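Chains as they are written, first to last, in the working numbering: chain A, 575 to 669; chain B, 769 to 1256.
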């Protein structure tokens, strides 16, 4: 599988990464090498194999429906770049 | 074509599918032990997992899984013995991890179906494609701050069941009827409180139109986050009309997400987020597959209550109630259970019990703005009153007065009847005396009656009732009056 610059820009956009034009080519070739690994994987015969969602053969453990976490908003908000009135503040997002 | 062309609505078929998000009523979140209680101060119910602190791991809530199973069984769906949590990746400030844990290829609840009664009396069977568990995002507050957006993560991680219908609904009325049926069902099962104001039950509507039912599906638009039945109806009606008009004018429909504006009853495009649909789902490496044992499914199946559809049908077929009564009684489980508790004390009197539950009880609940669970008159108390009505101790009119007194907290039916001396006068001597007095007071009317104006009987009934403060047994009164008036 091969990638063009438009695809690299699209992936960067999805990852919210600012990629300068002069970085595009080196990123493109790095990513392409990663994709070549998938080409190798795709060559393996997986007929009669169910898709594997998780490498470990272990079921999910569940917890009881009990509230054990208490309010630690003061500590958590102190970690934020900005907060006010109990809210985290982020640059204005308008829908 | 030009703008003058009237949309030929009859030639078009609307195709609608709903994605309903029902918040599962658990005490704690889907993947953390933080509380899900509504209305807390911002960010006071967020654990390290909800804030996506590095090194934390999600652990699913058993109760949320149980509730998903219950829903699946109620719509006759297969419960996946193994389902997988997947990451749905997108960036938004109220989604701290940068992805939402959801289910994609292998949802916990497979295809099922639900019978839905539409307002016009038709019953349609709606195919439900799947229902899956996912976590809710936090809340963005846009208007309370100056140049910033405030983020409250209390809702982040709250368990949701997303219920996805097939695109099989063909009108706003069908869509709303389906949504109401799901709403009744999740509340009936006790898996969701259904509170739409608080966002516990909300809906995305996928709408497209096509020329006739054999044409390929048209391009669809998605109307996001509509949180009332009325808005769903209005939004879909508007969207169908908008699409038909656009197509009739030779325009094409753009696949996009739209928002419903309740003030204008219109939908409008959301600011387009490029690549918004490129969610890059993949199995969440933090969560091994969710394995559900057949024995667990069987246990939930055994514990399932009689479902609203079955109960409704039983009320009509076995109890002989009219459709409308059965519908209203089964609109929620608490009402149906209350009705059955009253009926248990008065076997064979289904219609009488239904009349009172849907009449006096419903009216008083409505006026007080409370749920039936909080009714000051219990089912047992109402049954006591209706028993007195049945055995002739009181008339229907007096029963309503007694009910009002019971509602006001004055005690049980018998106590009120006794204390107020409301027992019906069934003693013919006492009744005869009252009638004699009434006849003596109105000689002209008596003469008129005897001259052939038999309509006056009601006048004498009224006068005697007044004299006995409504306590005369109506049947006995009628009989005695006729006798006295016939034989001077």
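C-beta: ideal position from N, C-alpha, C; glycine also. None of these values were measured; they are calculated from a predicted model.
### Query
Based on the DSSP output, what are the partners of residue 577 of chain A in its beta bridges?
According to DSSP, residue 577 of chain A bridges with nothing at all.
### Message
How far does the beta strand (DSSP E) with residue 913 of chain B in it extend, from its first residue to its last?
### Response
Premise fails: residue 913 of chain B is in no beta strand (DSSP E) and is neither H nor E.
### Task
List the residues of chain E that residue 583 of chain A touches, going by C-beta distances under 8 Å, in chain order.
No chain E is part of this structure, whose protein chains are labelled A and B.
### Query
Using the beta-carbon count (16 or more within 10 Å), is residue 835 of chain B buried or exposed?
That one is buried.
### Task
Please state if the CB of residue 931 of chain B and the CB of residue 792 of chain B are separated by a distance shorter than 8 Å.
A distance of 8 Å or more separates the beta carbons of residue 792 of chain B and residue 931 of chain B.
### Task
Give the DSSP-derived three-state secondary structure of residue 816 of chain B in the structure shown.
coil
### Query
What number of angstroms, rounded off, separates the C-alpha of residue 1176 of chain B from the C-alpha of residue 1169 of chain B?
In this model, residue 1176 of chain B and residue 1169 of chain B are separated by some 11 Å (Cα to Cα).
### Message
Helix, strand or coil for residue 899 of chain B? Go by DSSP, reduced to three states.
### Response
strand
### Message
Under DSSP, the alpha helix (DSSP H) around residue 1011 of chain B begins and ends at which residues?
### Response
Segment 997–1016, the alpha helix (DSSP H) holding residue 1011 of chain B.
### Message
Give me, in chain order, the residues of the same chain whose beta-carbon lies closer than 8 Å to that of residue 983 of chain B; leave out the 5 immediate sequence neighbours on both sides.
### Response
781
### Message
One question on the structure: do residue 980 of chain B and residue 969 of chain B come within less than 8 Å of each other, judged by their Cβ atoms?
### Response
no
### Message
Against chain A, with Cβ distances strictly below 8 Å, would residue 961 of chain B count as a contact?
### Response
no
### Query
Hey, residue 1000 of chain B and residue 949 of chain B are a contact pair by Cβ (cut 8 Å); roughly how many whole angstroms apart?
The Cβ separation is near 13 Å, so there is no contact.
### Alpha-carbon spacing of residue 795 of chain B relative to residue 823 of chain B, whole angstroms
24 Å
### Message
Within 10 Å of its beta-carbon, does residue 1241 of chain B have 16 or more other beta-carbons around it, so buried, or fewer, so exposed?
### Response
buried
### Query
Is the shortest distance between the beta-carbon of residue 658 of chain A and the beta-carbons of chain B less than 8 Å?
Any Cβ of chain B closer than 8 Å to the Cβ of residue 658 of chain A would place that residue at the interface, and such an atom is present.
### Task
Closer than 9 Å, Cβ to Cβ, to anything on chain A: give me those residues from the region 811–824 of chain B, in chain order.
811, 812, 813, 814, 815, 816, 817, 818, 819, 821
### Task
Tell whether a beta-carbon distance below 8 Å holds between residue 840 of chain B and residue 934 of chain B.
Between residue 840 of chain B and residue 934 of chain B, the C-beta spacing is not below 8 Å.
### Task
Compare the C-alpha of residue 590 of chain A against each of B/848, B/801, B/859 and name the closest.
Comparing Cα-Cα distances from residue 590 of chain A to each of B/848, B/801, B/859, the minimum goes to B/859.
#### Entry: Below-8 Å beta-carbon distance, residue 608 of chain A vs any chain B residue
no
### Task
Mind listing the chain B neighbours of residue 621 of chain A? Cutoff is C-beta to C-beta under 7 Å, in chain order.
Neighbours of residue 621 of chain A in chain B, taken as residues at a C-beta separation under 7 Å, are lacking, since the least C-beta distance is about 19 Å.
#### Entry: Assigned exposure category for residue 1221 of chain B - 16 Cβ within 10 Å defines buried
exposed
### Task
Taking all protein chains shown into account, decide if residue 910 of chain B is buried (16 or more other Cβ within 10 angstroms of its Cβ) or exposed.
Exposed, by the Cβ-count rule.
### Query
Among all the DSSP beta bridges, which residues are the ones paired with residue 851 of chain B?
For residue 851 of chain B, which the question treats as bridged, DSSP gives the partners B/1058.
### Residues near residue 875 of chain B in its chain [Cβ-Cβ closer than 7 Å; skip 5 each side]
Once the five neighbours on either side are set aside, the close Cβ partners of residue 875 of chain B are 848, 851, 898, 899, 900.
### Close-in-space but distant-in-sequence residues of the same chain around residue 1003 of chain B (CB under 7 Å, 5 per side omitted)
973, 991, 994, 1028, 1035
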